[in-house]
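Inspection log for the structure reproduced underneath, given as structure tokens.
Numbering (this note's numbering), first residue to last: 5 to 360.
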């Protein structure tokens, strides 16, 4: 096997930093090495402690390089931040009965990039998705080159990231003697690795239930047409239980992981008197904590997250009753019956996916 087309990817999460080194040969990717190390100095993709983050990222990359017996010069960085902005634009040009040329499409793209850059000088573009070309009122998915037309519209989506966040992360990788090739949105990467061609083409929603964030991606015509990340995740359920019930985070996480999110048949957690079983008191002294109290805490937070998702989909005119599909992923998707709970909330079939 020739290792002449090596690539590296680092995924920055709240819990772990994952590094993968792979080789591409004849359009086929083969993983050469992987590394998973604890994430430090990073919260929701943002650097909060430079020294600790540098050490954690250096360790992850170094471990993968040692296994692969190579040194990377550049690497791709996958992350998601609440500060990511998603902007949808439609640019227009009169063609006046002539053919549409590549230059016409490039002109509209340049105009859109100019507008996005001008509107927020503190953000940098990391993704551009072309999801529709409209020629004289008719939709084209592919570039309508050499088509005669009077009018051309180009619909695009831009994902931007704060420039200072880019500088901070870039400096850390520079200190690790490696250059960032490009930044990649985690929700986009997740969809590309877990959804089918038909799912991405016909229309899908992917919700990534993370540790302290929830990300939403809306896909159509093989493009990410809208995305958003909110700074609330499944760990907030744990912290709510801990705070209200005066339990340790470990105890609270254990309770959260045993909860049935359809909120029925909770005999694994509560005794015959509808109080929390004594086995859940690891660090704290045993006392009566009612079933209704704990379930109300969990329901309140999970309903908040569901309502955030619903509001975002409503604002973006996503029709859950259409043929579009609904998927969930991330560590939070493993909570017992969370997929069924979300199905019930939206009255739509929700499937759990695992990235390949």
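Every residue, glycine too, gets a C-beta built ideally from N, C-alpha and C.
Pair within 8 Å by beta-carbon distance, residue 27 and residue 10: Start at 1 with the first residue of the chain shown, and residue 27 comes out as number 23. Start at 1 with the first residue of the chain shown, and residue 10 comes out as number 6. Against a cut-off of 8 Å, the Cβ pair of residue 10 and residue 27 comes out as a contact.
Check whether the segment 172-179 touches the segment 56-69, taking contact to mean three or more Cβ pairs, one atom from each stretch, closer than 8 Å. yes
Which whole runs of the alpha helix (DSSP H) in the segment 310-353 are 4 residues long or more, in chain order? 342-350
Buried or exposed: which applies to residue 78, given that a residue is buried once 16 or more other Cβ atoms fall within 10 Å of its Cβ? Walking along the chain shown from the start, residue 78 turns up at place 74. Counting Cβ neighbours within 10 Å, residue 78 comes out exposed, since fewer than 16 surround it.
In this structure, does DSSP put residue 154 in helix, strand or coil? In the chain shown, residue 154 corresponds to position 150, counting from 1. DSSP places residue 154 in strand when its eight states are reduced to three.
Just reading off the alpha helix (DSSP H) that residue 112 is part of, what are its end residues? On the chain shown, residue 112 is found 108 positions in, with the first residue counted as 1. Counting along the chain, the alpha helix (DSSP H) containing residue 112 begins and ends at 106-123.
Using 10 angstroms around the beta-carbon of residue 141, count the other beta-carbons present and answer buried if the total reaches 16, otherwise exposed. The count along the chain shown starts at 1 and reaches residue 141 at position 137. Flag for residue 141 reads exposed.
Determine the closest residue to residue 25 out of 257, 64, 43, 198, with distance taken between C-alpha atoms. The count along the chain shown starts at 1 and reaches residue 25 at position 21. Comparing Cα-Cα distances from residue 25 to each of 257, 64, 43, 198, the minimum goes to 64.
Could you pull the DSSP bridge partners for residue 4 from this structure? Missing from the structure shown is residue 4; the chain here goes from 5 to 360 and no further.
Please list, in chain order, all residues of the same chain as residue 287 whose beta carbon is under 7 Å from its beta carbon, the five residues on each side excluded. In the chain shown, residue 287 corresponds to position 283, counting from 1. For residue 287, where only same-chain residues beyond five positions count, the Cβ hits under 7 Å are 252, 254, 255.
Going by beta-carbon coordinates alone, are residue 83 and residue 164 separated by less than 8 Å? To locate residue 83, count along the chain shown from 1; it is residue 79. To locate residue 164, count along the chain shown from 1; it is residue 160. In this structure, residue 164 does not lie closer than 8 Å to residue 83 by Cβ.
CB residue 131 to CB residue 232, shorter than 8 Å? By one-based count along the chain shown, residue 131 stands at place 127. By one-based count along the chain shown, residue 232 stands at place 228. No.
Cβ separation of residue 72 and residue 36, assumed to be a contact under 8 Å, to the nearest whole Å: Taking the first residue of the chain shown as position 1, residue 72 is located at position 68. Taking the first residue of the chain shown as position 1, residue 36 is located at position 32. Right, their Cβ atoms sit about 5 Å apart.
Report the CB separation of residue 249 from residue 298 in whole angstroms; it is logged as a contact under 8 Å. Taking the chain shown and counting its residues from 1, the one referred to as residue 249 is at position 245. Taking the chain shown and counting its residues from 1, the one referred to as residue 298 is at position 294. Confirmed, about 7 Å.
Cβ separation of residue 305 and residue 241, assumed to be a contact under 8 Å, to the nearest whole Å: In the chain shown, the residue the question calls residue 305 occupies position 301. In the chain shown, the residue the question calls residue 241 occupies position 237. About 5 Å; that satisfies the 8 Å criterion.
For residue 145, which of helix, strand or coil comes out of DSSP? To locate residue 145, count along the chain shown from 1; it is residue 141. If DSSP states are grouped into helix, strand and coil, residue 145 belongs with coil.
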